[in-house]
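Note sheet for the following structure.
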Amino acid sequence: KKKDNALLRYLLDKDDNT
Amino acid sequence: PSSTPSSTPTPTSILTAPTPSFLAQLLEGEPDESQLCAKVLASLQREKASRGKHDRLNTFSIMCKMADQTLFGLVEWARNSALFKELKVEDQMVLLQSCWSELLVLDHLCRQVAYSREGCIYLVTGQQIEVSNILTQAGVTLTSLVSRTQDLGVKLKALHLDTQEFVCLKYLVLFNPDVKSVQDRRQVERTQERVNRTLMDHTLYTHPGHSDKFGQLLLRLPEIRSISLQVEEYLYQRHLLGDLPCNSLLTEMLHAKHS
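One line per chain: the protein sequences are A and B, in this order. Taking my numbering, the leading residue of the first sequence gets 1, the next gets one more, and so forth. Taking my numbering, the leading residue of the second sequence gets 1, the next gets one more, and so forth.
Shown next, in the form of C-alpha cells:
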C-alpha cells in the first residue's frame, strides 16, 4: 500500500523550503 | 467545586472552560475557506485553459477536480498540525489512507452547515447547486449518497455544529487508534482522548442545556464513516470505467486502498 502512495508520501515528506 | 461544599455539584458548577490553548491550537490550523475556494477555482481555470474548445471537462470530472484539490488541502492541514507532526511519516500515511474519504465527507458536511441554502449543495467553489438538479441525472448509488449526506447535513445543522466542534470531529476522525498497522498507537490514543475530552467540555460549556450534544455529535461519526465507504466504492467503480481524471491524489488514494 505504501508503495502506491508515492504522492502522499511526497506531500507529507516534502521540505517546506522546496 | 461549588461554593457550598455540602450541595451536590451541578454539571455546570464542576465544569471548567476547555483549555483555550489546546482548542485554540486546534483551530489555528484551520485553513481559510476563501483561500481554499480561490485555489480550487484557479486550478479549474488552469485546467480549462489547457484544454481545447472540444475537450471540455464533464460535470463529474469537474467535481473530481474539486474533490482532489480539497483533498490536497486536507493533507496539508493534517501535515501542518503539531499533533500530527508528533507521528512518524509512516503512521501519518496509514492514518490518512484510512480516513481520507471521511475527512472529505466531514469537510463537505461542515460547508453545508455553514453555507448551503435549503435544498442546495454548497460547493467549495462557492456555487450552490439544487439537489433536484443532481438527482435528475444521478444513478441509484449517487442518489443514495446525495440524500444520505443531505440528511446528515440537516442533522448537524439541527445540532448547531460550530467550528470548534467540527475541528474536534476532524481530529477524532484522523487520530483513530483502531487503524491497522499504526506503530505509535499509544500516541494516537492519547491525542484522541484529549480531543474527545476537549469536545465534551466545549459542548457542555457552550450548551449546558443540551447535555447530550456531545453524544449526538459522536453518533454522527459512524454515519460519516459509512457514507465515506460508499463514496470510495462509488468513485472506484467510476474509476474502473475510466471516468476519473488520472494522476490525481484522489485516484492514488483509491488505488492504495484497493491494491
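Glycine is no exception: its CB is placed at the ideal position from the N, C-alpha and C atoms.
Straight-line Cα distance separating residue j from residue i
i	j	result
Trp-100 of chain B	Leu-71 of chain B	7 Å
Arg-111 of chain B	Leu-57 of chain B	24 Å
Lys-157 of chain B	Leu-109 of chain B	9 Å
Lys-180 of chain B	Gln-92 of chain B	12 Å
Leu-7 of chain A	Leu-249 of chain B	7 Å
Thr-206 of chain B	Gly-52 of chain B	53 Å
Leu-123 of chain B	Lys-170 of chain B	19 Å
Asn-176 of chain B	Leu-221 of chain B	12 Å
Asn-196 of chain B	Leu-41 of chain B	35 Å
Leu-217 of chain B	Val-154 of chain B	13 Å
Arg-9 of chain A	Val-188 of chain B	19 Å
Leu-83 of chain B	Thr-59 of chain B	37 Å
Lys-2 of chain A	Pro-208 of chain B	Caution applies to Lys-2 of chain A, whose pLDDT of 48 falls short of 50 and renders its modelled position unreliable; the model cannot decide the point.
Val-105 of chain B	His-54 of chain B	32 Å
Ser-43 of chain B	Asp-68 of chain B	10 Å
Ser-211 of chain B	Asp-243 of chain B	46 Å
Leu-235 of chain B	Thr-141 of chain B	10 Å
Ser-81 of chain B	Gln-35 of chain B	18 Å
Leu-96 of chain B	Pro-31 of chain B	17 Å
His-239 of chain B	Ser-226 of chain B	20 Å
Ser-50 of chain B	Leu-23 of chain B	43 Å
Ser-21 of chain B	Asn-5 of chain A	34 Å
Glu-193 of chain B	Val-113 of chain B	26 Å
Gln-254 of chain B	Phe-214 of chain B	Gln is not the amino acid found at residue 254 of chain B; the sequence shown has Leu there. So the alpha carbons of these two residues sit roughly 32 Å apart.
Gln-128 of chain B	Ile-121 of chain B	5 Å
Asp-15 of chain A	Leu-219 of chain B	38 Å
Cβ-Cβ separation, residue j to residue i (assumed contact under 8 Å), whole Å
i	j	result
Leu-152 of chain B	Glu-223 of chain B	6 Å
Met-66 of chain B	Thr-125 of chain B	7 Å
Ala-78 of chain B	Leu-174 of chain B	6 Å
Leu-74 of chain B	Leu-103 of chain B	5 Å
Thr-198 of chain B	Cys-168 of chain B	6 Å
Amino acids of chain E, ordered along the chain, whose beta-carbon sits closer than 8 Å to that of residue i
i	result
Gln-35 of chain B	Of the chains in the structure shown, none is chain E; the protein chains are A and B.
Residue-level contact to chain A via CB, residue i, 7 Å cutoff
i	result
Met-93 of chain B	yes
Ser-2 of chain B	Low confidence applies to Ser-2 of chain B: its pLDDT is 39, below 50, so where it sits in the model is not reliable, and the reading given next is rough at best. So, not an interface residue.
Leu-249 of chain B	yes
Ala-24 of chain B	no
Ala-82 of chain B	no
Arg-79 of chain B	yes
Glu-28 of chain B	no
Val-154 of chain B	no
Glu-252 of chain B	yes
Ala-256 of chain B	yes
Val-89 of chain B	yes
Val-75 of chain B	yes
Proximal residues to residue i (C-beta, below 7 Å), its chain only, five neighbours per side dropped
i	result
Lys-48 of chain B	none
Gln-150 of chain B	Val-131
Ala-256 of chain B	Gln-97
Val-94 of chain B	Val-179, Ser-181, Val-182
Ala-38 of chain B	none
Nonlocal neighbours in the same chain, by C-beta distance under 6 Å from residue i, ignoring five residues either side
i	result
Ser-61 of chain B	Pro-245
Within-7 Å CB hit, residue i to chain B
i	result
Asp-15 of chain A	no
Lys-1 of chain A	Residue placement at Lys-1 of chain A cannot be trusted, given a pLDDT of 48 that sits under 50; what the coordinates show is reported in the next sentence. With 7 Å as the cut-off, Lys-1 of chain A counts as an interface residue toward chain B.
Sequence-distant residues of the same chain with beta carbon closer than 8 Å to residue i, five excluded per side
i	result
Asp-107 of chain B	Thr-70, Leu-74, Lys-170
Ala-138 of chain B	Val-146
Item to check | Stretch-stretch touch, CB-based, cutoff 8 Å, three pairs: the region 222-233 of chain B with the region 141-155 of chain B | outcome: yes
Checklist entry - Would you call the region 117-125 of chain B and the region 198-209 of chain B in contact, with 3 or more CB pairs under 8 Å? => result no
Checklist entry - Between the region 157-175 of chain B and the region 24-31 of chain B, do three or more beta carbon pairs fall short of 8 Å? => result yes
Item to check | the region 183-194 of chain B contacting the region 69-88 of chain B, beta-carbon criterion three pairs below 8 Å | outcome: yes
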